[in-house]
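K.L.:
Below you will find the structure I want to go over with you.
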Amino acid sequence: MADRRRINGPVGATVPPVYDSPPPPKTNTEKDEESVRKIFLQTGVTPSASGSAYLELVNPDSTGPSNTSLKLSCTVHGPRALPRSAPFSPHIILTTHVKYAPFATKQRRGYLRDSSERDLGVHLETALRGAIIADRWPKSGVDIIVTIVEGDQDRHAPESQRDDSWDTMNVLSGCITVASAAIADAGIDCVDTVAGGVAALVAKDATSRPSVVIDPAIADYHKIYAACCVAYLPTRDEVTNIWFKGQLPGADMMLYNNLIERSLVACRIANKVVVTTLKKTIKPEEEVS
Amino acid sequence: MATQTSQTLSSAVYAKLSPHPYLLANLQPSVPGTPASRTNGRQPTQARPPFVNTASLTHAHGSAVVRTGDTTVVCGVRGETLATSQIPNYRPPPPGADDDTASTAELREYDLLVPNIELATGCAPEYLPGVPPTTLAQTLSTRVYSLLHSSGLLDVQDLRIYHDPSADEAGAEAEGDDEHMQDDDIDGVGIAIPTREVKAYWVLYIDLLFVSLDGNPFDAAWAAVVAALRNTKLPHARWDADREMVLCSRREAPVPLSVSGLPVACTAAVFTAKDRLKQSQSQSSRSGDKKDSFWILVDPDRFEESLCDETVTVVVDRSDKSEDTRILGISKSGGTIVGQEVMRRFVKVAEGRWQDFKKVL
Numbered sequence: 039m040a041d042r043r044r045i046n047g048p049v050g051a052t053v054p055p056v057y058d059s060p061p062p063p064k065t066n067t068e069k070d071e072e073s074v075r076k077i078f079l080q081t082g083v084t085p086s087a088s089g090s091a092y093l094e095l096v097n098p099d100s101t102g103p104s105n106t107s108l109k110l111s112c113t114v115h116g117p118r119a120l121p122r123s124a125p126f127s128p129h130i131i132l133t134t135h136v137k138y139a140p141f142a143t144k145q146r147r148g149y150l151r152d153s154s155e156r157d158l159g160v161h162l163e164t165a166l167r168g169a170i171i172a173d174r175w176p177k178s179g180v181d182i183i184v185t186i187v188e189g190d191q192d193r194h195a196p197e198s199q200r201d202d203s204w205d206t207m208n209v210l211s212g213c214i215t216v217a218s219a220a221i222a223d224a225g226i227d228c229v230d231t232v233a234g235g236v237a238a239l240v241a242k243d244a245t246s247r248p249s250v251v252i253d254p255a256i257a258d259y260h261k262i263y264a265a266c267c268v269a270y271l272p273t274r275d276e277v278t279n280i281w282f283k284g285q286l287p288g289a290d291m292m293l294y295n296n297l298i299e300r301s302l303v304a305c306r307i308a309n310k311v312v313v314t315t316l317k318k319t320i321k322p323e324e325e326v327s
Numbered sequence: 156m157a158t159q160t161s162q163t164l165s166s167a168v169y170a171k172l173s174p175h176p177y178l179l180a181n182l183q184p185s186v187p188g189t190p191a192s193r194t195n196g197r198q199p200t201q202a203r204p205p206f207v208n209t210a211s212l213t214h215a216h217g218s219a220v221v222r223t224g225d226t227t228v229v230c231g232v233r234g235e236t237l238a239t240s241q242i243p244n245y246r247p248p249p250p251g252a253d254d255d256t257a258s259t260a261e262l263r264e265y266d267l268l269v270p271n272i273e274l275a276t277g278c279a280p281e282y283l284p285g286v287p288p289t290t291l292a293q294t295l296s297t298r299v300y301s302l303l304h305s306s307g308l309l310d311v312q313d314l315r316i317y318h319d320p321s322a323d324e325a326g327a328e329a330e331g332d333d334e335h336m337q338d339d340d341i342d343g344v345g346i347a348i349p350t351r352e353v354k355a356y357w358v359l360y361i362d363l364l365f366v367s368l369d370g371n372p373f374d375a376a377w378a379a380v381v382a383a384l385r386n387t388k389l390p391h392a393r394w395d396a397d398r399e400m401v402l403c404s405r406r407e408a409p410v411p412l413s414v415s416g417l418p419v420a421c422t423a424a425v426f427t428a429k430d431r432l433k434q435s436q437s438q439s440s441r442s443g444d445k446k447d448s449f450w451i452l453v454d455p456d457r458f459e460e461s462l463c464d465e466t467v468t469v470v471v472d473r474s475d476k477s478e479d480t481r482i483l484g485i486s487k488s489g490g491t492i493v494g495q496e497v498m499r500r501f502v503k504v505a506e507g508r509w510q511d512f513k514k515v516l
């Protein structure tokens, strides 16, 4: 599988470091159930793009070198003219690319896009499509590129302990939030700012009953039964995308609705951050001009 | 498109319509008394100040973020282990061969350093994902690769993982077996003391990601590589003979890599005034007797790079105690204007750039 255009490493298989002793026990600062981890959002990171934004999620009890857990960068290029060969389209054509950096997760990711990244791209496109006023830009395309500089994984969690795709939910909600800020920075008309939020049904340790938590920090919980990531337009009270994964215990019929309602709370909090950031972006411009 | 007379064109419109005369007018102002400068306000030998931030990534053994103006690059260094049984052309190093020549040979032959540059992150409108690496990305990766090896920055001794049989048998491990200790005392007298052998290597994956590109990617990329390598700490590793794999220990603190020297790259683009313009006002020309006047623009941005064909890069290192400037690499391509005299002066500029980076690295 030698990629001719990149510098490939040695021919033999390389193995990530394996430790001989278990990781140090986590200092368990309990995350408040009603709160979302602090979000740092800034626009204008890539001046040559039409719009760009950068998001970081603060991790309160981190043992590693940095105190932020999820780092995403988004650039928006467009609206630009479609190539001549493309058929006429009365709406803007949205193209999303989501890519993990090779050093983003515990397992090194390659440079070619794999299925989880394509999956995230499709969800992101669905989430944003509902917010953009597409009719204003016929025969145009816009490219939204999200680069995941660091995924939301705990540094010391053993790799084989659980199916580690629950953090993809947190990554998707971060992608939606950062893409929404970047689109607004690019000046593309939207009906509202989208924000992403996650809620999960978790068991904190082996004996406790399952409970619903918003913005789960995956490493804190013993078992995660189900999670959902929702993209929400708060002012219009509309949901543009729901991604639900897992199994709900069958007895409680309202549990699914409950989970969605709780994730809307997380979306509203994230949306406040987006609006504050965009206000900061607009205000300095007004002072200059 | 309102009809406007040529005097009322804004400078942004002028820059888009005719970029070459725009830059020329800035460098060679027709009104005497206006100071000459580049379009971004800098002097021709003035580079953008660098900002470096290290150790920001959780899952990498070393990382750095370098920002020069609007060019931002993130570098992450991860180490993975490679058993020597997996290396097809492996030859054990001869005993006592810890000198430099053997060091670089092992690094190069077994591909222990893997730098890669990713430009297709939307950092500039022409670098969108979905396409294989462009010529520029491949060129940058290869240049970083060859400079990494030729500069002798790393020592292969840091990357070797040994298997020490005498330490095994003496029960130095926490899980040492007591039965073996008696046997070993008997054995140790008759048989020659086993020397430690290299059983595995660390392979360093150095990945660079451009968040934003505004000209001069090589300088920023190289600075990020040096900063990340200086920040890298690899865990203590040993070869476990029972499990036949490399095990890392949490008990000891991670070991930083020994990085020798601080090479810094300095790139400039050569901007030529074309023949048809007047030669009389060549006061900022660097060479008095040539027909073409030209300017050396240090640390070019995207606008200037699009107008210049020739670039020259010099890699210097002044970290020796004697404060001598060591030139680790000179490369120039794209034109014939830069000669020995210009190169000499450019090395002086590169020394100044070295001082800038020394302050932040």
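Sequence lines, in order, name chains A and B.
Going by my numbering, the first residue of the first sequence is number 39, and it counts up by one from there.
Going by my numbering, the first residue of the second sequence is number 156, and it counts up by one from there.
Idealized CB from N, CA, C, for every residue including glycine.
(1) So, are the CB atoms of Phe-373(B) and Arg-481(B) less than 8 angstroms apart?
(2) Taking 8 angstroms as the CB-CB limit, is Glu-352(B) close to chain A?
(3) Since Thr-206(A) meets chain B, which of its residues come closer than 8 angstroms, beta carbon to beta carbon?
(4) Ends of the beta strand (DSSP E) at Tyr-177(B)?
(5) Counting only Cβ pairs nearer than 7 angstroms, list the residues of chain A close to Glu-273(B).
(6) Return yes when the Cβ of Glu-188(A) is within less than 8 angstroms of the Cβ of Ala-142(A), no when it is not.
(7) By the 10 Å Cβ neighbour count, where 16 or more other Cβ atoms means buried, how is Glu-496(B) classified, buried or exposed?
(8) Got a sec: which bits of the segment 271–299 of chain B sit with their beta carbon under 7 angstroms from any beta carbon on chain A, in order along the chain?
(9) Suppose the cutoff is 6 angstroms on Cβ atoms and the five residues either side in sequence are ignored; what does the same chain contact list for Asp-192(A) look like?
(10) Taking only three categories from DSSP, how would you classify Ala-260(B)?
(11) Using a Cβ-Cβ cut-off of 6 angstroms (strictly less than) and excluding sequence neighbours within five positions of Ala-292(B), which residues of its own chain qualify?
(12) Tell me, which residues are paired with Asp-362(B) by DSSP?
(13) What is the DSSP secondary structure of Met-400(B), reduced to helix, strand or coil?
(14) Using DSSP with H/G/I as helix, E/B as strand and the rest coil, what is Arg-351(B)?
(15) How long is the line joining the alpha carbons of His-391(B) and Gly-507(B), rounded to whole angstroms?
(16) If you reduce the DSSP assignment to three classes, tell me which class Ser-211(A) lands in.
(17) Note down, in chain order, each residue of its chain lying with its Cβ closer than 7 angstroms to the Cβ of Val-493(B), except the 5 sequence neighbours on either side.
(18) Give the residues from the segment 79–96 of chain A that approach chain B closer than 9 angstroms (Cβ to any Cβ), ordered along the chain.
(19) Give me the Cβ distance between His-115(A) and Leu-283(B), rounded to the nearest whole Å; I'm assuming they're in contact under 8 angstroms.
(20) When burial is assigned at 16 or more other CB atoms within 10 Å of the CB, is Arg-222(B) buried or exposed?
(21) Am I right that Val-419(B) and Val-471(B) are in contact with their C-beta atoms under 8 angstroms? What's the rounded C-beta distance?
(22) For chain A, is any of its Cβ atoms less than 8 angstroms away from the one on Cys-421(B)?
(23) Whose C-alpha, out of Asn-244(B), Ser-477(B), Leu-462(B), is nearest the C-alpha of Gly-490(B)?
(24) What does Tyr-317(B) reach in chain A if we use C-beta pairs closer than 8 angstroms?
(25) Give me the Cβ distance between Ile-183(A) and Thr-113(A), rounded to the nearest whole Å; I'm assuming they're in contact under 8 angstroms.
(26) Inspect the beta-carbon positions of Tyr-317(B) and Trp-394(B) and report whether they are closer than 8 angstroms.
(27) Just reading off the beta strand (DSSP E) that Ala-376(B) is part of, what are its end residues?
(28) Please report how far the alpha carbon of Gly-225(A) lies from the alpha carbon of Asn-296(A), in whole angstroms.
(29) Report the CB separation of Lys-429(B) from Val-410(B) in whole angstroms; it is logged as a contact under 8 angstroms.
(30) Can you give the beta carbon distance from Val-312(A) to Leu-79(A), rounded, assuming they're within the 8 angstroms contact cut?
(31) If contact means a Cβ-Cβ distance below 7 angstroms, which residues of the segment 176–189 of chain A contact chain B?
(32) In the segment 77–108 of chain A, which residue ranges form an unbroken beta strand (DSSP E) of at least 3 residues, counting only runs that do not cross its ends?
(33) Could you tell me if Ile-451(B) is buried or exposed, where buried requires 16 or more neighbouring beta carbons within 10 angstroms of its beta carbon?
(34) Per DSSP, what kind of secondary structure is Glu-459(B) in: helix, strand or coil?
(35) Quick test of your reading: Asp-225(B) and Pro-272(A), contact by CB under 8 angstroms. State the CB separation rounded to the nearest angstrom.
(36) Is any beta-carbon of chain A found at less than 8 angstroms from that of Cys-463(B)?
P.N.:
Considering the structure as presented:
(1) Contact check for Phe-373(B) against Arg-481(B) fails: the beta carbons are separated by 8 angstroms or more.
(2) It does not; no Cβ of chain A falls within 8 angstroms.
(3) Within chain B, no C-beta atom comes nearer than 8 angstroms to that of Thr-206(A); the closest sits roughly 15 angstroms away.
(4) Bounds of any beta strand (DSSP E) do not take in Tyr-177(B); it lies within the alpha helix (DSSP H) bounded by 174–182.
(5) Scanning chain A for C-beta atoms nearer than 7 angstroms to the C-beta of Glu-273(B) yields Tyr-149, reported in chain order.
(6) Contact: yes.
(7) That one is exposed.
(8) Hits within the stretch, in order: Asn-271, Glu-273, Thr-276, Gly-277, Cys-278, Ala-279, Pro-280, Leu-283, Pro-284, Gly-285, Pro-287, Pro-288, Gln-293, Ser-296.
(9) These residues qualify, in order along the chain: Ala-257.
(10) Residue state for Ala-260(B) is assigned as helix, using DSSP reduced to three classes.
(11) Contacts found: Ile-272, Leu-274.
(12) DSSP output for Asp-362(B) lists Gly-231(B), Asn-271(B) as bridge partner(s).
(13) Met-400(B): strand per DSSP, three-state reduction.
(14) Note: Arg-351(B) maps to coil in three-state DSSP.
(15) Spanning the two alpha carbons is a distance of roughly 38 angstroms.
(16) DSSP places Ser-211(A) within a helical segment (H, G or I) once states are collapsed to three.
(17) Residues of the same chain with a CB within less than 7 angstroms of the CB of Val-493(B), apart from the 5 flanking positions on each side, are Val-425, Glu-465, Val-467, Lys-487 in chain order.
(18) Listed by position along the chain: Val-83, Thr-84, Pro-85, Ser-86, Ala-87, Ser-88, Ser-90, Tyr-92.
(19) With 8 angstroms as the limit, His-115(A) and Leu-283(B) qualify as a contact, their Cβ atoms being about 7 angstroms apart.
(20) With 16 or more Cβ atoms within 10 Å of its Cβ, Arg-222(B) is classed as buried.
(21) Contact between Val-419(B) and Val-471(B) holds, since their C-beta atoms are separated by about 6 angstroms, short of 8 angstroms.
(22) No Cβ of chain A is located within less than 8 angstroms of the beta carbon of Cys-421(B).
(23) When only C-alpha atoms are compared, the closest one is Leu-462(B).
(24) Simply none; closest approach about 16 angstroms.
(25) 5 angstroms between Cβ atoms; contact.
(26) Yes.
(27) Counting along the chain, Ala-376(B) falls outside any beta strand (DSSP E), though it belongs to the alpha helix (DSSP H) covering 372–386.
(28) Spanning the two alpha carbons is a distance of roughly 35 angstroms.
(29) Rounded, the Cβ-Cβ distance is 56 angstroms, inconsistent with contact.
(30) Yes, they are in contact, since the Cβ atoms of Val-312(A) and Leu-79(A) sit about 7 angstroms apart, within 8 angstroms.
(31) Within the segment 176–189 of chain A, the residues whose Cβ lies closer than 7 angstroms to some Cβ of chain B are Asp-181, Ile-183, Thr-185, Val-187, Glu-188, listed in chain order.
(32) Segments of the beta strand (DSSP E) lying fully in the segment 77–108 of chain A: 77–81, 89–96.
(33) Taking a 10 Å sphere around the C-beta of Ile-451(B), we find 16 or more other C-beta atoms and assign the residue as buried.
(34) It is helical.
(35) Not quite, the Cβ-Cβ distance comes to about 33 angstroms (not below 8 angstroms), so this is no contact.
(36) For Cys-463(B), the answer is no, since every Cβ of chain A falls outside 8 angstroms of its Cβ.
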